[in-house]
Amino acid sequence: MRNLKIASCIIVIVMFFASCSQKPSEMILGEWKITDIQSSEAIPEELAEIHRQTIEEMIASSKLTIKADGTFENNISETSSSGKWALSEDAKTLTMTYEGGSEEVSKVDELTETKLVVSIEVNEAKNTIVYEKQAAN
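Numbering (our numbering), first residue to last: -6 to 130.
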């Protein structure tokens, strides 16, 4: 009986560490939905309501799919784009190269199995986008 308890404890510990050891390049795979967008850019008061509505539409309609074959599909507000993605070896930079050649380099602020937070510098403003992983169908 004592050996059974020890064996059970060892199995639980091994399973815990195995589940925690998923590589960032594996954690990033899947379908993501925007849950929040923050910008350091000052928005003029007369444009604040339009800006808020645009952000809400982007959040409501967003879907980013990152695939194991190194490709991605991004759908936001009836606009679709696709291309290739690469995560740096230290998992701190996500590069998305769109069809047509334009490139977007984002700083990865957080990456877990269910959450992705990236920052993008645009015209001296820092935009932070928070994604939540969607359950696999």
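Just so it is clear, CB atoms sit at the ideal spot from N, CA and C, and this is done for glycine as well.
Given the structure is predicted, the values throughout are model-derived calculations rather than measurements.
CA nearest to the CA of residue i, picked from the options
i, options, result
"residue 63", "70, 23, 44 and 109", "23"
"residue 17", "78, 82 and 123", "82"
"residue 54", "72, 44, 40 and 19", "72"
"residue 117", "68, 111, 45 and 35", "35"
"residue 113", "21, 19 and 33", "33"
Cβ-based burial, residue i [other Cβ within 10 Å; buried from 16]
i, result
"residue 104", "buried"
"residue 94", "exposed"
"residue 115", "exposed"
"residue 6", "For residue 6, the predicted model reports a pLDDT of 49, less than 50, meaning its position is unreliable; a value from the coordinates is still stated below. It counts as exposed."
"residue 80", "buried"
"residue 43", "exposed"
Proximity below 7 Å, CB of residue i to CB of residue j
i, j, result
"residue 47", "residue 125", "no"
"residue 99", "residue 109", "no"
"residue 58", "residue 49", "no"
"residue 76", "residue 92", "yes"
"residue 60", "residue 127", "no"
"residue 107", "residue 31", "no"
Whole-angstrom C-beta distance between residue j and residue i, which should lie under 8 Å
i, j, result
"residue 85", "residue 101", "5 Å"
"residue 70", "residue 51", "6 Å"
Any non-hydrogen atom of the ligand FMN closer than 6 Å to residue i Cβ
i, result
"residue 36", "With respect to the ligand FMN, the structure offers nothing, as it holds no ligand at all."
Which residue spans inside the segment 93 to 123 form an unbroken beta strand (DSSP E) run of at least 3?
-> Within the segment 93 to 123, the runs of beta strand (DSSP E) that reach at least 3 residues and sit entirely inside it are, in chain order, 96 to 104 and 108 to 115.
Can you check the segment 13 to 56 for any alpha helix (DSSP H) of at least 4 residues that lies completely inside it and give the ranges in chain order?
-> Listed in chain order, they are 17 to 20 and 41 to 54.
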